[in-house]
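**Student:** Quick note on the working numbering: the sequence shown kicks off at 1373 and runs consecutively.
One structure is given below, represented as structure tokens, and several questions about it will come after.
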Amino acid sequence: MSYHPGKGAELQVQINSTYTAIGQVVDVTPPQIANPSVDVTHLGSSEREKIGTIYDGGTVSFTLLHDPTLDSHKELVSHSSMVIRGTTPRNWKIVMATTTKSIQFAGLLTQYNFQTVQVDDAWRSQGQIDISGPVTIST
1373 MSYHPGKGAE
1383 LQVQINSTYT
1393 AIGQVVDVTP
1403 PQIANPSVDV
1413 THLGSSEREK
1423 IGTIYDGGTV
1433 SFTLLHDPTL
1443 DSHKELVSHS
1453 SMVIRGTTPR
1463 NWKIVMATTT
1473 KSIQFAGLLT
1483 QYNFQTVQVD
1493 DAWRSQGQID
1503 ISGPVTIST
């Protein structure tokens, strides 16, 4: 069994057909994939019956140390400001540290929030990506 440290993992976004690492990411929560079901139990059923409905790739969330001079952070801010204008999903990737394994997905940056600026902490931002379509996990 192998273990992969979180240190060195990257959250990447595709900019002009090239995946670019987003700098200073503190944490990233991978997709919360779900296959919702609906209860189809009827009066003739001998036990509860369910069927799957539609696949949901879920969301990805992240926290970063915000730096307005980094190109990747400028890209996030400009992308999030276009959310209300109805942008199309972008390609994203979470690359595991010390390996070529990754989680790839298309998604829309639906939230990008600046956290409270405090005298004894770094300026942080949080983001959320809503996944559109399948999630591919390399093996």
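We put the beta carbon where it would ideally sit given N, CA and C, even for glycine.
From a predicted model like this one, the values you see are computed outputs, not experimental measurements.
(1) In terms of DSSP beta bridges, what is K1465 paired with?
(2) Run through DSSP, which three-state label would S1389 get?
(3) Mapping DSSP to helix, strand and coil, what is S1409?
(4) Please classify G1380: is it buried, with 16 or more other beta-carbons within 10 angstroms of its beta-carbon, or exposed?
(5) Based on the DSSP secondary-structure assignment, which residues constitute the bridge partners of Y1484?
(6) Kindly indicate which three-state DSSP category K1446 falls into: helix, strand or coil?
(7) State the Cα-Cα distance for the pair T1431 and S1497, rounded to the nearest angstrom.
(8) Take the Cβ of V1412 as the centre, count every other Cβ of all protein chains shown within 10 Å, and call the residue buried at 16 or more, exposed below.
**Tutor:** The short version:
(1) Q1384 and Q1476.
(2) Shown here, S1389 sits in coil according to DSSP, grouped into three states, outside any helix or strand.
(3) Strand, per DSSP.
(4) Classification for G1380: exposed.
(5) In DSSP, Y1484 forms a bridge with G1499.
(6) Helix at K1446.
(7) Straight-line Cα distance between these residues: approximately 17 Å.
(8) Exposed is the call here.
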